[in-house]
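Engineer: Please see the structure below; I have some questions.
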Amino acid sequence: MPKLHLTNEEGRNTTVQFKAVKAQPSPRLGLPGEAVEFYRYLSAVREGCHDMLVAQHGEDYAQALVDGDPEVDMEQVGRRIGATDVVYLDDAGEVLYAAPEVIEVIFDAAGDEVERRRPKDVAANVNEGEPVHWTSMKMNRRLVVRRFAFRRSLQLRHVDGLTYDYLYAMAKDLDEEDKMVLIGAGTKGKDPLIFQHNGSPYRGFLEGRIDGDRYQLLLHLSNLELKRPEVSQ
Numbered sequence: 363m364p365k366l367h368l369t370n371e372e373g374r375n376t377t378v379q380f381k382a383v384k385a386q387p388s389p390r391l392g393l394p395g396e397a398v399e400f401y402r403y404l405s406a407v408r409e410g411c412h413d414m415l416v417a418q419h420g421e422d423y424a425q426a427l428v429d430g431d432p433e434v435d436m437e438q439v440g441r442r443i444g445a446t447d448v449v450y451l452d453d454a455g456e457v458l459y460a461a462p463e464v465i466e467v468i469f470d471a472a473g474d475e476v477e478r479r480r481p482k483d484v485a486a487n488v489n490e491g492e493p494v495h496w497t498s499m500k501m502n503r504r505l506v507v508r509r510f511a512f513r514r515s516l517q518l519r520h521v522d523g524l525t526y527d528y529l530y531a532m533a534k535d536l537d538e539e540d541k542m543v544l545i546g547a548g549t550k551g552k553d554p555l556i557f558q559h560n561g562s563p564y565r566g567f568l569e570g571r572i573d574g575d576r577y578q579l580l581l582h583l584s585n586l587e588l589k590r591p592e593v594s595q
């Protein structure tokens, strides 16, 4: 089970375990007592694509479709598809035998392109060695769930009696205050949480729940803030 080095409000830190919280299974499709199986079928081949049809029949090929169905390969279309491989094509439709160079395109809030650059390697900062920090930013639970979209949730778990007391105290404080606290990485807790090499950065919100001697400490991860659109004049 993966581990997390966590610092509490008083600046004391320890290593705890965490696991992903599984979502409730969605309703099953189908009829009572009968399972549904999904298959994939070939819907088109390259010769039936727009650019190939234009090359053969010109821009106005509507009548050609009516007369002869050139977009349908009767030998291929409708065949059941099994395992597939990813193939990259260039702008001419030719197969690339070497992976293309990936370029990051950066946009501002208005959607305008700002910069193009090669991707930078980003190291993970959530591990047993580097602590993540309890920050001073606490927000009401109702406000957090309306302001941020959670992509996944992790449950923190104790490994012994000492870490039980440590996590229970954190969960108790948050539950009694009805708040969540922002968790950050870096020396001052200002950096987003990155769980794997070149992984997505997340804001982490810690939520506590208690029931007698039992506790639940959840780390909700978000990379999307919900904002009310501006009213156009």
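In terms of the working numbering, the sequence shown opens at residue 363 and continues consecutively.
In this text, a Cβ means the ideal position worked out from N, Cα and C, and glycines have one as well.
Nothing here was measured: the structure is a model prediction, and the numbers come from that model.
1. Return helix, strand or coil for Tyr-401, following the three-state DSSP convention.
2. In three-state terms, what does DSSP make of Ala-485?
3. Per DSSP, what kind of secondary structure is Met-499 in: helix, strand or coil?
4. How should Leu-451 be labelled, buried or exposed, when 16 other C-beta atoms within 10 angstroms of its C-beta is the threshold for buried?
5. Using the DSSP secondary-structure output, state which residues sit across from Asn-375 in a beta bridge.
6. The alpha helix (DSSP H) that contains His-559, what's its start and end?
7. Which residues bound the alpha helix (DSSP H) around Gln-578?
8. My assumption, with CB atoms under 8 Å, is that Gly-570 sits in contact with Leu-544. Please give the rounded CB distance.
9. Contact check, Val-398 vs Leu-529 under 8 Å by CB: the rounded distance?
10. Counting Cβ pairs closer than 8 Å, one from the region 366-375 and one from the region 493-507, do we hit at least three?
11. For Tyr-564, which beta-bridge partners are listed by DSSP?
12. Taking the alpha-carbon positions, what's the Met-532 to Asp-553 distance?
13. Using CA coordinates, which residue listed in Ser-584, Pro-563, Glu-433 and Ala-511 is at the minimum distance from Leu-404?
Structural biologist: Reading off the structure:
1. coil
2. coil
3. strand
4. exposed
5. Thr-369
6. Here His-559 belongs to no alpha helix (DSSP H), and DSSP marks it neither H nor E.
7. Where Gln-578 is concerned, there is no enclosing alpha helix (DSSP H), although the beta strand (DSSP E) it sits in stretches over 576-587.
8. So it is not a contact: roughly 14 Å between Cβ atoms.
9. No, Val-398 and Leu-529 are not in contact; Cβ-Cβ is about 42 Å, not under 8 Å.
10. yes
11. Leu-555
12. 21 Å
13. Glu-433
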